[in-house]
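Asks: Line by line, the protein sequences are chains A and B.
Going by full-length UniProt numbering, the first sequence wraps up at 365, each residue one higher than the last.
Going by full-length UniProt numbering, the second sequence wraps up at 365, each residue one higher than the last.
Below are the structure tokens for one structure; questions will follow.
2 protein chains.
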Amino acid sequence: MAATTKLDYAKPPPPLKDELDIVIPTIRNLEFLEMWRPFFEPYHLIIVQDGDPTKTIKVPDGFDYDLYNRNDIKKLLGPRASCISFKDSACRCFGYMVSKKKYIFTIDDDCFVAKDPSGKAINALEQHIKNLLCPSTPFFFNTLYDPFADGADFVRGYPFSLRDGVPTAVSHGLWLNIPDYDAPTQLVKPLERNQRYVDAVLTIPKGTLFPMCGMNLAFDRELIGPAMYFGLMGDGQPIGRYDDMWAGWCIKVICDHLGLGVKTGLPYIWHSKASNPFVNLRKEYKGIFWQEEIIPFFQSVSLPKDCTSVQKCYIELSKQVKEKLSKVDPYFDKLASAMVTWIEAWEEINPPTSASSKLSNGTAK
Amino acid sequence: MAATTKLDYAKPPPPLKDELDIVIPTIRNLEFLEMWRPFFEPYHLIIVQDGDPTKTIKVPDGFDYDLYNRNDIKKLLGPRASCISFKDSACRCFGYMVSKKKYIFTIDDDCFVAKDPSGKAINALEQHIKNLLCPSTPFFFNTLYDPFADGADFVRGYPFSLRDGVPTAVSHGLWLNIPDYDAPTQLVKPLERNQRYVDAVLTIPKGTLFPMCGMNLAFDRELIGPAMYFGLMGDGQPIGRYDDMWAGWCIKVICDHLGLGVKTGLPYIWHSKASNPFVNLRKEYKGIFWQEEIIPFFQSVSLPKDCTSVQKCYIELSKQVKEKLSKVDPYFDKLASAMVTWIEAWEEINPPTSASSKLSNGTAK
């Protein structure tokens, strides 16, 4: 509304301003946004309110947002709302589904602006956008890390034919202060803080799985969105705190299959508060055992050549989950069905366009 | 010779003092050692003099060393000396062969002590030793990098069964100032300097190849020594500057097969001088084409289960090189034969002991 000043002319517009949504799952007032205001205010927020839908969530003035509570989710998805977790931050994936943008950044409400070693506030979103807009290099490791970073390049011995890289689908950011540890490690090392600022972004090589944390994560919704399902956690489920892990395993095998890249490293956020390790242990308990079988399963997943879209890959993956993991626990049978429901809901909310049908003609590698 | 002072009691002995040799290939006087004196003086040096054997190489006083020139190599290996490159720093691998120690650190004579961001001189050797003495984690990626580093650990979602890790065979260090670029990149970016200090060590995942640089490299000779052959380069050969790359591809597929780890990252050295890009282009020329076929070859190499020792793996690899790469150029036929000669020479100089026969009963993965 203010008159345009000379300064405004000089300032470049925020990158991807109209192409990116910020998704925040929450149960509380969002004062944490105050600290992010300089970086987030130009963007649209999608707030997914978890728990009691009658509670009012306060959002600081000046932010542009849509807020969805459980009633909204049910209204929009009908019986398919069953695939969206309740009383667990896994509900955030509903925000991915209803977004109309190409890119998503998702962040937890206990994450604040971190500082780099020079003391400068880190614009996490800007770094994620950089990561997403430049290629990944999953087929060969570059020892100087991201070859597209300023002052870096491919080193001697890096095959020239691989230097184009592949499109980046996911950018996984890290956390200073409270590290993302499991309950047993939290119990054993209650005072450990992450103080190591590692100035690097790197592509996770093809064929390698990683523990994807949903606290500080960005992705290209058009490239990988339908696989970013955070599973069934929380209320009525036997497990919690594996929502992002599940999504991470799924997206990685699908990115590997479709020739897309996954990056990890910068940006850091400041993770303020350790969650209660006893509560966490209760949530994680079964997962600690199950992951020993789930990970070999994902390490050996092979998707057929005719899976040329994310949706097709995901439906195929759901079949393999049902077939191979149901014997671990009946939960995986339910999860496999929810994976199908998720895709049905995704397609209902996001009817195919010419762009997405173009994608489904992509080449599988 | 000096009387033991109180201070000496307080100082811990240099790590692995009697178990590590420092291998330096050179054609010039070794003044560069002055800067390394505080870190290297306690260790034994193996200097491999390249080029004219009548030239005298000056080594600063106080260092304990053996120096081998071309005449020494011929005397020791006889006709098998043909597998050791001449007029190329690839000759350094002769030093690996004649060492009697468990660990090797090799460094180029244009590499100096770098400083960390706090301005402290980096003891590169000490960091390599740390890397080698703690396990690697090649089967799953840890997003906080080396889980064994101070203040770090495995993150949430890292399978507990994989947290033992595997023995580390190789530690690949990096370079500040002059980055290790190929000739085309040197020509295009003559002024680029590496100023990014990335405070991380990481395991290169199983199944992923990397460009291994021989400038600043350490390894466990008992675990992987016989595969650290730097090939046929320099005088009389159609190629140069691929010695360390060749070794890197070979050791990686063998480490993957035997369940051993390869790390990259810290420590940094200060690489002082860019080599001439025109000379380099002449040396690299064929390699730029060949690597496009060599890398897919190594990516698809499969070693049979009965290859349970490094030597057996290496002989098997030589057969596959002969079979699959000779069609790229007759050079690979010669190289495959040299690989066999190298193993013969290695076994002659290092007759099997109970320790190494124990190794050959190890389990292949």
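We treat Cβ as the ideally placed atom computed from N, Cα and C, and that holds for glycine.
Small disclaimer: the values here were computed from a predicted structure and weren't measured.
For T264 of chain A, which residues in chain B fall below 8 Å Cβ to Cβ?
Replies: Locating residue 264 of chain A in the first sequence gives position 264, where the first residue counts as 1. Within chain B, the residues near T264 of chain A are F141 and T143.
Asks: Can you give me the Cβ contacts of Y68 of chain B inside the same chain, cut-off strictly under 6 Å, excluding the 5 residues immediately before and after it?
Replies: Sequence index remark: in the second sequence, residue 68 of chain B carries index 68 (1-based). Once the five neighbours on either side are set aside, the close Cβ partners of Y68 of chain B are V48.
Asks: If contact is defined by three or more beta carbon pairs under 8 Å, each pair taking one atom from either stretch, is the segment 189 to 196 of chain B in contact with the segment 162 to 177 of chain A?
Replies: Cβ pair count under 8 Å is below three, so no.
Asks: In the DSSP assignment, the alpha helix (DSSP H) including V310 of chain A goes from what residue to what residue?
Replies: One-based indexing of the first sequence puts residue 310 of chain A at position 310. Note, V310 of chain A: alpha helix (DSSP H), V310 to L325.
Asks: Which residues does DSSP pair with Y49 of chain A in a beta bridge?
Replies: What you label residue 49 of chain A is simply residue 49 of the first sequence in a count that begins at 1. The sequence shown places Gln at residue 49 of chain A, not Tyr. Bridge partners of Q49 of chain A: A:T26.
Asks: Rounded to the nearest angstrom, what separates G207 of chain B and Q299 of chain B at their Cα positions?
Replies: Locating residue 207 of chain B in the second sequence gives position 207, counting from the first residue. Locating residue 299 of chain B in the second sequence gives position 299, counting from the first residue. Looking at the two C-alpha atoms, the distance is approximately 7 Å.
Asks: Which of the three DSSP states is assigned to Y158 of chain A in this structure?
Replies: Position 158 of the first sequence, counted from the start, is the residue given in the question as residue 158 of chain A. DSSP places Y158 of chain A in coil when its eight states are reduced to three.
Asks: What is the DSSP secondary structure of I204 of chain A, reduced to helix, strand or coil?
Replies: Walking along the first sequence from the start, residue 204 of chain A turns up at place 204. Reduced to three states, the DSSP call for I204 of chain A is coil.
Asks: Taking only three categories from DSSP, how would you classify V170 of chain A?
Replies: Position 170 of the first sequence, counted from the start, is the residue given in the question as residue 170 of chain A. In the structure shown, V170 of chain A sits in a strand (DSSP, three-state: E or B).
Asks: Output the boundary residues of the alpha helix (DSSP H) element that contains I224 of chain A.
Replies: For the purposes of this step, residue 224 of chain A is identified with residue 224 of the first sequence, where counting begins at 1. Residues R221 to I224.
Asks: According to DSSP, Y229 of chain B sits in a beta bridge with which residue or residues?
Replies: Position 229 of the second sequence, counting from 1, holds the residue named residue 229 of chain B. Beta-bridge pairing links Y229 of chain B to no other residue.
Asks: Which partner residues does K115 of chain A have in the DSSP bridge list?
Replies: Translated into the one-based positions of the first sequence, residue 115 of chain A becomes position 115. According to DSSP, which records beta bridges pairwise, K115 of chain A is partnered with A:A121.
Asks: For F94 of chain B, report the span of its alpha helix (DSSP H) as first-last.
Replies: In the second sequence, counting from the first residue as 1, residue 94 of chain B sits at position 94. Where F94 of chain B is concerned, the enclosing alpha helix (DSSP H) stretches over C93 to V98.
Asks: Within its chain, find whatever has a CB closer than 7 Å to the CB of L217 of chain A; leave out the 5 residues flanking it on each side and keep chain order.
Replies: Numbered from 1 along the first sequence, position 217 holds the residue referred to as residue 217 of chain A. Correct list, in chain order: T106, H172 and G173.
Asks: Can you list, in chain order, the residues of its chain whose CB lies under 6 Å from that of M1 of chain B, leaving out five sequence neighbours each side?
Replies: Here residue 1 of chain B is taken as the residue at index 1 of the second sequence, counted from 1. In this prediction, M1 of chain B scores a pLDDT of 41, lower than 50, which makes its location untrustworthy; the coordinate-derived value is nonetheless stated afterwards. Nothing listed; no residue qualifies.
Asks: Give the straight-line distance between the Cα atoms of residue 369 of chain B and G265 of chain A, rounded to the nearest whole angstrom.
Replies: Since the displayed chain B opens at 1 and closes at 365, residue 369 of chain B lies outside it and no answer follows.
Asks: Counting pairs of beta carbons, one from the segment 270 to 282 of chain B and one from the segment 314 to 324 of chain B, are three or more of them closer than 8 Å?
Replies: No contact exists between the segment 270 to 282 of chain B and the segment 314 to 324 of chain B.
Asks: In chain B, which residues lie less than 9 Å from E192 of chain A when you measure between Cβ atoms?
Replies: By 1-based counting over the first sequence, the position of residue 192 of chain A is 192. Near E192 of chain A (Cβ distances below 9 Å), the residues of chain B are G151, A152 and D153.
Asks: Work out the CA separation of E222 of chain B and N350 of chain B for me, nearest whole Å.
Replies: Here the question's residue 350 of chain B lines up with position 350 in the second sequence. Here the question's residue 222 of chain B lines up with position 222 in the second sequence. For N350 of chain B and E222 of chain B, the distance between alpha carbons rounds to 11 Å.
Asks: Are the beta-carbon atoms of P205 of chain A and P138 of chain A separated by less than 8 Å?
Replies: Taking the first sequence and counting its residues from 1, the one referred to as residue 205 of chain A is at position 205. Taking the first sequence and counting its residues from 1, the one referred to as residue 138 of chain A is at position 138. The answer is yes: Cβ separation under 8 Å.
Asks: Tell whether a beta-carbon distance below 8 Å holds between Y103 of chain A and V23 of chain A.
Replies: Residue 103 of chain A sits at position 103 when you count from the first residue of the first sequence. Residue 23 of chain A sits at position 23 when you count from the first residue of the first sequence. No; because the gap between Cβ atoms is not below 8 Å, this pair is not in contact.
Asks: Would you kindly check if the distance between the Cβ of M233 of chain A and the Cβ of G225 of chain A is under 8 Å?
Replies: As a first step, residue 225 of chain A is located in the first sequence; it is residue number 225 there, counting from the start. As a first step, residue 233 of chain A is located in the first sequence; it is residue number 233 there, counting from the start. Not in contact: G225 of chain A and M233 of chain A (Cβ atoms no closer than 8 Å).
Asks: Would DSSP call D243 of chain B helix, strand or coil?
Replies: Position 243 of the second sequence, counted from the start, is the residue given in the question as residue 243 of chain B. Residue state, collapsed to three classes: helix.
Asks: Can you tell me where the beta strand (DSSP E) with D66 of chain B in it begins and where it stops?
Replies: By one-based count along the second sequence, residue 66 of chain B stands at place 66. From DSSP, the beta strand (DSSP E) with D66 of chain B extends over D64 to Y68.
Asks: Please compile the residues from chain B whose C-beta is within a distance smaller than 8 Å of the C-beta of L209 of chain A.
Replies: Indexing the first sequence from 1 puts residue 209 of chain A at position 209. Within 8 Å Cβ-Cβ: F140 and F141.
Asks: Whole-angstrom Cβ separation of D21 of chain B and S99 of chain B, contact assumed at under 8 Å?
Replies: Here residue 21 of chain B corresponds to residue number 21 of the second sequence, with the count starting at 1. Here residue 99 of chain B corresponds to residue number 99 of the second sequence, with the count starting at 1. About 4 Å; that satisfies the 8 Å criterion.
Asks: Give the range of the beta strand (DSSP E) segment to which Y145 of chain A is assigned.
Replies: In the first sequence, counting from the first residue as 1, residue 145 of chain A sits at position 145. No beta strand (DSSP E) contains Y145 of chain A, which DSSP labels as neither H nor E.
Asks: Any C-beta of chain A sitting closer than 8 Å to the C-beta of R92 of chain B?
Replies: The residue you call residue 92 of chain B lines up with position 92 of the second sequence. So no, R92 of chain B is outside the interface.
Asks: Could you pull out every residue in the same chain whose Cβ sits closer than 6 Å to the Cβ of A338 of chain B, ignoring the five residues on either side in sequence?
Replies: For the purposes of this step, residue 338 of chain B is taken as the residue at position 338 of the second sequence. Counting only Cβ-Cβ distances below 6 Å, and skipping sequence neighbours, we find C83 and L232.
Asks: Could you confirm whether any beta carbon from chain B is found closer than 8 Å to the beta carbon of M245 of chain A?
Replies: Along the first sequence, read from residue 1 onward, the residue named residue 245 of chain A stands at position 245. Output row for M245 of chain A: interface = yes.
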